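Worksheet: one structure, shown below.
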Amino acid sequence: MNLALIVLLPFIGALFPAFLIRSGRNACAYGTGVFTLVAFILLLVQAPAVFSGQVIQARFEWLPQLGLNVNFFLDGLGFLFALLILGIGLLIILYARFYLSHNDPMGRFYVYLMLFQGAMVGIVLSDNILLLLIFWELTSLSSFLLIGYWRHLPEARQGARMALAVTGGGGLALIGGMILLGQIAGSYDLSEILQAGDQIRSSSLYIPALLLILTGAFAKSAQFPLHFWLPHAMAAPTPVSAYLHSATMVKAGVFLLARVWPALSGTPEWFYIVTSFGLVTMIISAWIAIFKDDLKGLLAFSTVSHLGLITMLFGFGTPLAAMAGVFHILNHATFKAALFMSAGIVDHEAHTRDIRRLGGLLFLMPITATLALVAAASMAGIPLLNGFISKEMMLEEAVHTTYLGQDWILPVFATLGALFSVAYAARFAFHTFLGPVRDDYPHKPHDPPFGMWLPVFILVSLVVLIGLLPGLIAEPLVKITTDAVTGGNTPDYHLSIWHGFTPALFMSMIALAGGLTLMALYLPAKSFRERFPRPEAKVIFEAIIEAIAKVSGQITALAHNGSLQRYLAVMVSAIIAVGFAGYLGSTPLGAGERAMVPVNWPGLVAWVLLVAALGATLMYHHHRLFSLILIGVVGMVVSLTFFYFSAPDLALTQISVEVVTVVLMLLALNFLPKETPRESSSLRKLRDLVLSGLAGLGVAGLVYAVTTRGFESISDYHLAESKPGGGGTNVVNVILVDFRGFDTFGEIIVLGIAALAIYALLDSALHGAAQRRLSKWVPEGVRAMDPHPFILVIATRVLLPLALMVGVYIFLRGHNQPGGGFIAGLVVSIALLMQYMASGFSWAQHRLKLDYHGLIGAGVLAAGLTGVGAWFAGRPFLTSDYTYVHLPVIGEFELATALGFDVGVFLTVVGAVMVALANLSRVGRRADAAYEAQEQATDGKEA
Amino acid sequence: MTHWTILPIVVPALTAALIVLLARQDLVLQRFLSVLSALAVFVISVGLVVHATGNPPYSYELGNWPAPFGIVLVLDRLSAAMVLVTMLLVLAVLIYSFAGWDKRGRHFHALFQFQIMGINGAFLTGDLFNLFVFFEVLLIASYGLMLHGSGATRLKSGMQYVVVNLMGSSLFLVAMALLYGVTGTLNMADLALRVGQVESGNLALVQVGALLLLTVFAIKAALVPLHFWLPATYAAAAAPVAALFAIMTKVGGYSILRVYTLIFGEHAGDIAWIAQDWIMPAALVTLVVGMFGVMAGRSLRDLICFSVIGSMGTLMVAFALFNEAAVSAGLYYMVHSTFIAGALFLIAEMVINGRSDGQDTLAFGLPLHREALLSGLFFLAAIGMVGMPPLSGFVGKLLILDGATGTPYVAWIWVVILSTSLFNIIGFSRAGSILFWKSQAEAASQSGPSVPMESVSRKDNGHGPESGLGISSAAFLLGLIGLLTAFSGPVSQYFDTTAAQLLDGRPYIEAVLGSDALVESGFGSSPEADGMEDGLGEEGDMQ
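In order, the protein sequence lines correspond to chains L and P.
Plus 1 on top of the position in the first sequence (first one is 1) and you've got my numbering.
Plus 68 on top of the position in the second sequence (first one is 1) and you've got my numbering.
Quick look at the structure:
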C-alpha cells in the first residue's frame, strides 16, 4: 500500500500548485515540496526491509484479462532510483523556487514537474511491464510540457516536440518489445519475467523483443543516433534540465537496461549491440561536448556521453560491470545535477551561458564556483571524488573485456572517452570560473541567495563524501542494487579509493594528462574539428519530418482533391473490383432452372422505350428540363413494368411518386441555369463509360442470375396470413402497414425528415449571402405572359373535390384493394399541388391555412401512437387488431388499427410534399418579387 | 423488459414528431423535450445493458409476427452497449448545442431526435431490410443536420456526402436483393441459418451479395478507398453535428461486425469469415491514409477528421481478426474512439471561436481566449486520440496488439499501428504547440502580455460554445474517457463475453427463431463446432 502511495503522492501533489500559487510563491513551492518529502520519507521507511534483502510488493487488479495490473515492487534497483528521483526532486523544487522569475507561471511549472516526478517513480517501482510502459510514456508527455515550458521560445517548442517524437516513438517500440517479452515469459510481471531469463533468451522471439526494447531504452537514454533530442531539450528552464538529465528522464533508459538485465543480457547480441552503441555514444558526444560554447549544451553532451558509458557497462554483461554501472548512475546523478544547477546559477546571475563571454567567476561568486569546480572535477574523474571511483571501475572492466576477439579495442576507446571527458570538464571549469575577471558580463554576477546554492551544496557534499568513503556510504546501496540487477550475483568487490597500480590507474593518468593537453590545444583542436562536415542531427530530423509532412500533404491533397467525380470513380472502381472478385473467386455459378419467358410485344416496346429514354438522357443531360422529362419517361416505364407484373399497388405508387417528384424538381430547376456546363474531358468520359458499363453489366448479370432460379421465400407466409392474421386481402398493403409496418414507420419518417431538411435548407437561402444572390436572380428564357391560364385554373378547381374523393376512396379501400395511405397521400398532394400551380401559391395558401409542418408531426405521431397502443393490449409495438363494425346505410365494414397507422402515413406524405412545395415556391415568390421590383425600376427609368 | 427494447427508437421518434407538431416556434420547449427524451433513453439504455449482461439475447417481434416473417429487434450485449454509448455521446452533444448552435437554423432538435432514432434503430434491428430503413433515417437526418447553419462549404461537402451515401443505399438494395433472391429471407438470424445451406451452384451469388454488402458498410465506416466523403463532411459540419457523427462511422463498423459474425461467420460454410481478407488490408491502408492526413493537416479540423479515419482503421483491424480477444479489444476501442472524437470536435470549435480570427489553420498563431482551459482539454483529448498512456486509447491499442498475436497478420498489424501512432504523436504535438504555444508567443511579441481582451473575446458574449456549457460537455466526454480507462477491467470483461456471444452466433439465433430451428438446421453441429465449444467454455470460466 505504501508503495502505491509513494507513486501516487507526486500525482496528488500535481493537483495543488496551480491553486497554491494564489497564496504566493513560497506557499506554492513548499506546499508542493511537502508531497515529495512525504513520499521520500515513506521510501526511507522501507529502507530497512530493502537492505535486508526483502522485495516489497503492492498489487491491485486493473485489467487482468490483458495482464495489465497495478503491481508495484521495491527492490534495491527501484530503491536507488526512487531515492534519486525523490531526493534530487526535493532539491530541484527548492532550487526552482529561486530560479523562476516573477514572469514565469510557477504554478504550472510545479504541476508539470510533479506529474513528471510521479511518472518517474512509477517507472522504477512498476512490477508490471505494461504499467511500466504507461509511466514510461507519461514521462515523455510530461517532459514535453516541461521542455516547452517557455512556450514563447521557438527552440523550446521545437525541443519539446523533438523530445516527444523521439522518446515517445521509442516508447512505441518499447510497447511492441514489452508485449513480446510478456508473451515469451507468459506473464507481464517483472518478478516472473526476471526468473525466466533462459526461456527468454532461447526463444525465437528474443531478437525482435530485444531490438524493440533496446530501441525504446536508447531513445530515452539518448544513445547515438537517437541522442539529438537531448541537447535541444536544454531549452527548458535549468531546474528541468538538472532534473531530467541527471537523475530522471534519461536515466529511465539505463534503468530499463538494468531492470531487464537478468532476462535479456548474456547473449552475444546483447553484448555487441549494447556495448557498441554505448561506446560510440560515449566517445562521439564527449568529443562534441568539448566544443560546445553553451554551458548547458556542454553539460548536455557530457550527459549523453556518460549515459553511453553506463550503457556500455551494462552491455558487458558481467556482474562487476553491472555494479560499476549502478555506481556510476549514482555518481553521475549527484555531480551532474550539481553542475546543471551551477550552470543555472551562472545563467541566472550573469544573464548568459555562453562560455566565451564568461571567465573569472571564481572571484565574483566564490561559493558557486567552488561547488561547481568540485563537481566538474568529479565529472573529470579526479581522485578523492566519486566520479573517479566509478570511472576506474569502468576502465578496469574495459581491460578485461574482449571485443570482436580483440583485447585492445575497448581499453583504448574507453581511455579515449575518459580523455575527452577530462577535456570538456576542464573547459567547463577553466573557461567559466578561472581566468581574469571581465568587465563585459551582460550582468554583474554575484552569489545567489542561500536557498539557491543549498541544493548544490548538498549534492557536492555527497560527491565528496562518496569519493572519500565509498565503502561506508555508497557500498551497501550499490550492493543491494547490484543484487537486484544481477539477480543475486553481486561480485565480492569493495568500493574503495585505492586498488593498487592497476591498468585502470594508468589509463586514468593517460586520460587526465591527455585531456589537459587537449584543453591546452583547444584552438587548434577546434579548427581541426571544423575542417570536417558536422551533420546537425536536429536539421536532419526536421528535414525528415518536413519531408514526411510534405509528402503526406501531397498524397492527401492528391487523393482528396474535392472532386466528387474523382471520388465516385475510385469508389465505383473499388466496388466493381470487389464484386467481380467475389464472383470469380467463388464456385462456378450453376445454371438457373427457370425457363425464360418468351419476349412479347408490350415488353419489347417498354424495353426499347426505357433504353431509348436512358440513352437520350445520357446524350442530352446538359439540357436540364429535357432530361427531367426523359427521366419521367423512365419512371413511367418502371410503373408499367410493375403493372405488367401484376403489382397495381406498386404501379400506382410509382406513378404518383413520379408526378410529385417531377413537379417539385421543375420548381427547383427554375432557379438553376437551364443547361449544365460541359466540363468533362473526353478521356474522363471514356473512364466513366467503362466504369458505368462494368457496373451496369455486373448488376444486369446478377439480376439475370437471380431471376432465372426459383426460390422459396417468406412471402408465402405473408400471402397465407394476410387475411387471417392481418385482416386485409391486399397483401401489399398488409405488408406495408402490418407485417413490415415498422419499415413503413421508418420510411415515412425519412420522408418527413426530408421535408424538414428542405425547409431548413431553403430557409437559410432566404437570409444572408444566398438572399442577396437571389435578389439579383434574372429568370432565363421568355416568361409566360399569363402565369395562371384560365382553363387550367377552372379545370383544377373542378377536379379538386373529385381528386380528394378519389384520395379518400383509395385510402379506405387500401387494406383490401390496391391503395392505402401512401398512395392516397400522394393523390391528395397532387390535387393540392395542382391548385397551387394553376392558381398561384398565395391564392391557394389564402384558402387553405395549414402549417404543413404540423401535418408531418401529426402523421408520425399518429403512426407511432397506433403502434404504442398495442402495448396496452400487452402486445409488441405495432401489433394490429381488427374488428367488423356494422353501420346503418354503409353496411358492415372492417375497422383495423392498421387504419390509424395508415392515417399517419397519409398525413406525413401530404405534409412532406406540401412543405417541399411551400418552400420552393416561397423562394420563387421572393425571387419574383425582387425581379419585378427590378423591372419596374428599369421601366421607370426608361419612361 | 418487454417494451424497453423498442423505446430507444420510439421515444426519440415521437419526441421529434411532438417537437414538429407543437414546439416548432419555441426553442426553450424544444430544448426541454429534446433533453428529456435523451435522458429518458439514456436511463433506458442503462437498463438494457443491465438486462443484456445477465440474460441471453432477447428478441422483440414487432407487430407480434413470428420471426422470420415480421421484423424483430434484438437486444443483446452488443446492441445494448452501442445504444448506451450513443446516448452518452448524445447527452454531451445536446448540451453543447444549447450554447447556440441549435438557434442557427431550423428544426435542429427535431432532426437531432430523428438522428438518434435512426442510430439506435440500426443497432437494435435484427432484420436486414429494416437496417436499410434505419440507414436511410440516419442518412437523411444527418444530411439535414450536416447542412445546419448553412454556408457554401457546408453545402458543397453536404452534396458529396449525400451523393456518396445514396450510391451506398442503392448498392445496399442490390446486395440485399441478391441475398434475398437466393435465401428468400431478410431476417438476419434466418439468413445465418440459410447461408450455410446454400447449394454450391448459388454460392457465387451469395458471395457477391455478401461482398457488395460489405462495401456498403465500408462506406459508412469510412474504410479506404470508400472514405472520401468523411474529411470534408466532418470538417464542414457544425461542431455538435460533427461530434454526433463520431458514432455514425461506428454504425458501419457495427454492421460489419454484426453481419459478418452472425450471417457470414463460422457456420457460413464455404464463405465463412468472408469479410476478413477484404477488411484487413483495407483497414491497414485506412490507418496509413489517416496518418498521412494527420501529418498533412493544415487546420485543426482536418487533423481531427483524418485521425478519425485512422481510428476507424484501428478499429476495423481489430474487428477483421474475428477472434474473441481482438473483437473485444475492438469494441473497447470503439467506445473510446467515439467519445474522444466527439470531444475533439467540440474542443476544436471552442478553439476556433476563442481565436480572434475565428479560424483553425495551423499556419500562424493568434491569441486565444480561455487558453489554459482549452489547451488542457486539447492536451488530454489529443493524448487519447493518438493512443498515448494513460488514457483508454492506449489501453485499447494494447488490447488490439495483444489480440493480434498468434494470427498471421500480427507483423503487419503491429508495424502499422505502432508506426502510425508515432506520426500521430508528431502531428498532434505540432498542432497543439502551434495553436496554444506559438499563439501565446506571438501575442506576447506583438503587443505585450496585455492583449486587450475585447479583441480576443470578440465572439465570447457569454453564450458562445466556449462558455460553461461547451467546456462542460467536452469535459464530460473526457470524464467518460477517464472512467473507461479506470474501469477497463470490467468494461473489457463485458466485451469479452460480448465477443464470445457474437462469434458463437447461436444464442442470437436461438433468441430469434427458437432452439428448434437451430437444431433442425444443424447449425452448430458441424465439425468446426469444436472451437466454438471452447469459446463457450471460456465464457463460463469468466463468469
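Cβ coordinates follow ideal geometry from the N, Cα and C atoms, glycine included.
The model shown is predicted, which means the values in this text are computed figures rather than measured ones.
Please list, in chain order, all residues of the same chain as residue i whose beta carbon is under 7 Å from its beta carbon, the five residues on each side excluded.
i	result
L/S141	L165, T168, G169, G172
L/G149	A157, R158, A161
P/G138	E129, L130, G131
Should residue i be flagged as near chain L, meaning a C-beta pair shorter than 8 Å?
i	result
P/F462	yes
P/R369	no
P/V78	yes
P/F360	yes
P/M612	Past the boundaries of the shown model lies residue 612 of chain P; chain P is included only from 69 to 611, so the question cannot be answered.
P/V266	no
P/G516	Its pLDDT being 42, under 50, P/G516 is placed unreliably by the model, and nothing is read from it.
P/S105	no
What's the gap between the Cα of residue i and the Cα of residue j?
i	j	result
P/H177	L/L257	55 Å
P/Y322	P/I315	10 Å
L/G254	L/G217	7 Å
P/A585	P/E578	8 Å
L/L801	L/L849	13 Å
P/P558	P/I549	14 Å
L/A526	L/V486	40 Å
L/G488	L/T304	28 Å
P/G500	P/P457	17 Å
L/A287	L/L308	11 Å
L/I498	L/L81	22 Å
L/L665	P/M227	18 Å
How far does the alpha helix (DSSP H) with residue i in it reach, from first residue to last?
i	result
L/Y442	Counting along the chain, L/Y442 falls outside any alpha helix (DSSP H), and DSSP gives it neither H nor E.
L/S306	296-317
L/L131	130-148
P/V346	Here the sequence assigns Trp to residue 346 of chain P, which means Val is not the residue at that position. Counting along the chain, the alpha helix (DSSP H) containing P/W346 begins and ends at 344-364.
Compare the C-beta of residue i against all C-beta atoms of chain P and say whether one is closer than 8 Å.
i	result
L/Q66	yes
L/D764	yes
L/W230	no
L/S693	no
L/Y718	yes
L/G822	no
L/S714	yes
L/F145	yes
L/L131	yes
L/L21	no
Since residue i is in the beta strand (DSSP E), which residue starts that stretch and which ends it?
i	result
P/I139	Looking at the DSSP string, P/I139 is not in any beta strand (DSSP E), and its letter there is neither H nor E.
L/T884	883-888
L/V600	Careful: L/V600 lies outside any beta strand (DSSP E) and carries neither H nor E.
P/I502	Careful: P/I502 lies outside any beta strand (DSSP E) and carries neither H nor E.
L/G70	Here residue 70 of chain L turns out to be Asn, not Gly, going by the sequence shown. Where L/N70 is concerned, the enclosing beta strand (DSSP E) stretches over 69-75.
Please list, in chain order, all residues of the same chain as residue i whose beta carbon is under 6 Å from its beta carbon, the five residues on each side excluded.
i	result
P/L75	I112
L/G119	P11, F12
Looking only at its chain, what residues have a beta carbon closer than 8 Å to the beta carbon of residue i, apart from the 5 residues adjacent to it on each side?
i	result
L/V924	F672, L763, A766, L767, L775
Inset, instruction - Select from the region 726-743 of chain L all residues with a C-beta closer than 7 Å to any C-beta belonging to chain P, and list them in chain order. - result: D739, F740, R741, G742, F743
Legend entry - Residues of the region 122-140 of chain P with Cβ closer than 8 Å to any Cβ of chain L, in chain order: Y128, E129, L130, G131, N132, W133, P136, F137, G138, I139
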